[in-house]
Amino acid sequence: MTNYTISEELKEQLRTKGYIRLENAVPPALLKEWQALGKKLEASAMSAHTEGQQLHGSCVIKDPIGPRLMRYNDIHLIQTQASLDLLACPAMMAIARELCGRGAVPIQMDLLYKHQHPHPIVKWHQDAQHSRSYPYLNIGIYLDDAPTNDGCLRYVADTQHEQLDIEQLSRDHGWDVPGVVEQPAKAGDILIQDMMILHGSQPKRTPGVRRTIYVECRPIAGILESQAQSPEWAELRRDWMATVLRRADNSDWPQEWLNDYPDPIKSDTEVMRAIEANHEPSIPGVWETFPVERPDYPVPADMKDW
Numbered sequence: 001m002t003n004y005t006i007s008e009e010l011k012e013q014l015r016t017k018g019y020i021r022l023e024n025a026v027p028p029a030l031l032k033e034w035q036a037l038g039k040k041l042e043a044s045a046m047s048a049h050t051e052g053q054q055l056h057g058s059c060v061i062k063d064p065i066g067p068r069l070m071r072y073n074d075i076h077l078i079q080t081q082a083s084l085d086l087l088a089c090p091a092m093m094a095i096a097r098e099l100c101g102r103g104a105v106p107i108q109m110d111l112l113y114k115h116q117h118p119h120p121i122v123k124w125h126q127d128a129q130h131s132r133s134y135p136y137l138n139i140g141i142y143l144d145d146a147p148t149n150d151g152c153l154r155y156v157a158d159t160q161h162e163q164l165d166i167e168q169l170s171r172d173h174g175w176d177v178p179g180v181v182e183q184p185a186k187a188g189d190i191l192i193q194d195m196m197i198l199h200g201s202q203p204k205r206t207p208g209v210r211r212t213i214y215v216e217c218r219p220i221a222g223i224l225e226s227q228a229q230s231p232e233w234a235e236l237r238r239d240w241m242a243t244v245l246r247r248a249d250n251s252d253w254p255q256e257w258l259n260d261y262p263d264p265i266k267s268d269t270e271v272m273r274a275i276e277a278n279h280e281p282s283i284p285g286v287w288e289t290f291p292v293e294r295p296d297y298p299v300p301a302d303m304k305d306w
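In the working numbering, the protein residues as written are 1 to 306.
Rendered as structure tokens:
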């Protein structure tokens with residue numbers, strides 16, 4: 001018996017609406033470890049910025065109130081052991097096994113920081129466009145609470161099937177696109193979304209930072225079909241998944257699927273060095289063609305003078 005399973009109701013919601021939430025899915029000790037790492041990474045990035053340096057993966061931007069960390073990319077290269085532990089936890093294994101399926105591999109792993117307004121707003125967009133022949137998931141692992149009415153994710157259900165005219169939707173509706181829902185989350189929750197669902201988030205109203213780890217996951221067959229990256233790049237993702245499976249519970253992965261991954265495998269360090277040395281760009285997201293400004297979008301009317 002596996003250590004974590006996803007209900008049929010949630011699987012159906014992902015198929016139809018394009019998003020789901022797994023509550024309290026991250027083991028408490030692992031959540032606490034990553035909360036501490038999130039603070040450590042932010043402090044390191046800001047210290048380096050003060051000294052005129054930029055650490056690999058860090059993106060410090062100048063907000064109107066001063067520099068703040070917006071994201072820390074490639075955390076699997078920077079905090080490899082903690083990243084592998086997170087990917088190998090029962091809930092993440094269930095996502096790969098039950099939602100992504102045979103041949104599932106992680107593609108990218110980044111840590112995003114959302115600060116109180118004024119800070120860049122995540123306007124309406126769709127992530128990587130693809131053929132939809134295979135699942136392609138974006139997995140958000142919440143290190144902090146994201147309550148309603150405080151810049152939590154907004155989804156427009158059932159918009160994952162095709163590329164949309166985001167500029168026109170934004171111009172016509174602002175944040176109130178028909179069918180929009182706010183999806184709050186608690187620290188330790190995991191939100192899973194189809195890569196192509198229309199989504200965004202308003203400014204954060206309250207003080208403090210909200211940190212979310214994002215993991216892209218899809219079957220290796222989908223990567224090869226897309227030809228967006230090279231077969232060699234795809235094989236490195238197979239190596240990455242093999243390092244995850246090496247530390248996962250044996251009951252969390254079908255034994256007949258293990259032959260889909262290298263054995264014997266390279267060391268964790270060798271795999272990550274090869275991934276770093278063979279970088280290829282991700283499939284880009286889709287945003288509006290020209291910036292849309294309305295009295296209530298992208299900054300809500302009551303926040304214009306903040």
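Beta carbons are placed, not taken as given, at the ideal position from N, Cα and C, and that holds for glycine.
Of the residues the options, the one placed nearest residue i, counting alpha carbons only
| i | options | result |
| --- | --- | --- |
| Trp233 | Asp305, Lys114, Ile107, Leu137 | Ile107 |
| Trp306 | Met93, His119, Gly38 | His119 |
| Glu288 | Glu280, Tyr297, Ser282, Pro281 | Tyr297 |
| Leu41 | Glu216, Pro300, Arg211 | Arg211 |
| Ser282 | Val292, Glu216, Glu293 | Glu216 |
| Lys32 | Ser7, Ala242, Asp85 | Asp85 |
Contact set for residue i: own chain, Cβ-Cβ below 7 Å, skip 5 residues either direction
| i | result |
| --- | --- |
| Ile220 | Gly103, Val105, Ala234, Arg237, Arg238 |
| Ser44 | Leu55 |
| Arg71 | Cys59, Asp110, Leu111, Leu112, Tyr113 |
| Asn3 | Pro90, Asp249, Ser251, Asp252 |
| Lys266 | Asp239 |
Buried or exposed (CB count within 10 angstroms, at least 16 for buried), residue i
| i | result |
| --- | --- |
| Ser58 | buried |
| Ile139 | buried |
| Ser83 | buried |
| Val181 | exposed |
| Thr159 | buried |
| Leu99 | buried |
| Asp74 | buried |
Residue j beta carbon less than 8 Å from that of residue i
| i | j | result |
| --- | --- | --- |
| Val26 | Gly188 | yes |
| Tyr214 | Asp150 | no |
| Arg132 | His199 | no |
| Leu191 | Gln202 | no |
| Leu143 | Gly38 | yes |
| Tyr261 | Ala274 | no |
| Leu22 | Ala91 | yes |
| Arg97 | Trp253 | yes |
| Val156 | Gly179 | yes |
| Asp145 | Lys186 | yes |
| Asp268 | Thr80 | yes |
| Gln229 | Glu280 | yes |
| Tyr134 | Glu225 | yes |
| Glu276 | Leu10 | no |
Neighbourhood of residue i by C-beta distance below 6 Å, restricted to the same chain and skipping five residues each side
| i | result |
| --- | --- |
| His115 | Arg68, Val209 |
| Ala48 | Leu55 |
Contact test: residue i Cβ vs the ligand ATP heavy atom, cutoff 7 Å
| i | result |
| --- | --- |
| Gly140 | This structure simply doesn't include the ligand ATP, nor any ligand for that matter. |
Close Cβ partners of residue i (< 8 Å) along its chain, the five nearest in sequence each way excluded
| i | result |
| --- | --- |
| Pro207 | Gln116 |
Practice problem: Assess, as a yes-or-no matter, whether the region 159-173 is touched by the region 245-254 under the definition of 3 or more beta carbon pairs within less than 8 Å. | Solution: no
Quiz item: Are the region 15-22 and the region 123-137 touching by the rule of at least three beta carbon pairs closer than 8 Å?
Solution: no
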